[in-house]
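Structure first, then comments.
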Amino acid sequence: MNKKRLAIFASGTGSNAINLIKTFREEKALDICFVLSNRADAGIVNSAKEEGVQVIVIDNVQAADGAYLTDLCNEYEIDWIVLAGYLRLIPNDLVRAFDHRMINLHPSLLPKYGGKGMHGRNVHLAVLENEESRTGITIHFVNEKFDDGEIIAQFQCSLEDVDTVEGVESKIRTLEQSYLPVVVKTTILNAIN
Ligand code: GRF
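The letter at position 10 of the sequence shown is residue 1125 when you use the numbering used here, and the numbering goes up by one with no holes.
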């Protein structure tokens, strides 16, 4: 069986990207070919290099250039893209090229608390301000809008014992670390394409 070739896009610390790299290192069916970041100073740039994974840093012009990103992925024969804390909107050309082959992780129960500007602690603050009793994570396919594509899986946690952004973040990170790799792997291996 041919290995499926993955690219991970990340803009921040990259704890999810690193979890994927470590989990898939021994995975015979999947190969992480590079991590792409739109920020040269993002934590993921060094931590991915430390894990021995190639890192490609792009600027904001390249991040908005669908033809450039599609060519880049084609050059590396990428089959699937995972967005793990990637904060730029994906250009339409790349969305079309990776229709149902691009997966995003979002730290809320979409469609609640998604869209432009809704990332990281902004999400958790809004969840607390609305006195939600539960929150969670959504893993979904990517379309041309932020946090809007077809949902693959959601996982919930209770907020009964939590009243700080840090507390919500900690619960979300636990869910992300537990579930993202298995959902990504299952989605890819079950896909027909
Ligand atoms: C995660 O909470 C993820 O759900 C969201 O941004 C955060 C990124 O964290 N999209 P990290 O960079 O993976 O540590």
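Cβ coordinates follow ideal geometry from the N, Cα and C atoms, glycine included. Since the model is a prediction, treat every value here as computed from it, not as a measurement.
For Ala1132, the three-state secondary structure derived from DSSP is helix.
Counting other Cβ atoms within 10 Å of its Cβ, Lys1137 stays below 16 and is therefore classed as exposed. Residue nearest to Gly1129 within the set Glu1142, Ala1155, Arg1120 is Ala1155 (criterion: CA-CA distance). When DSSP states are grouped into helix, strand and coil, Gln1269 belongs to the strand group.
When DSSP reads this structure, Asp1262 sits in no beta bridge, so it has no partner. Residue pairing for Met1217: DSSP places it in a beta bridge opposite Ile1196. The secondary-structure analysis by DSSP pairs Arg1120 across a beta bridge with Asp1146.
Leu1151 and Lys1143 have their C-alpha atoms spaced approximately 22 Å apart. At a threshold of 6 Å, Gly1232 does not count as near the ligand GRF, since its beta carbon sits no closer than that to any of the ligand's heavy atoms.
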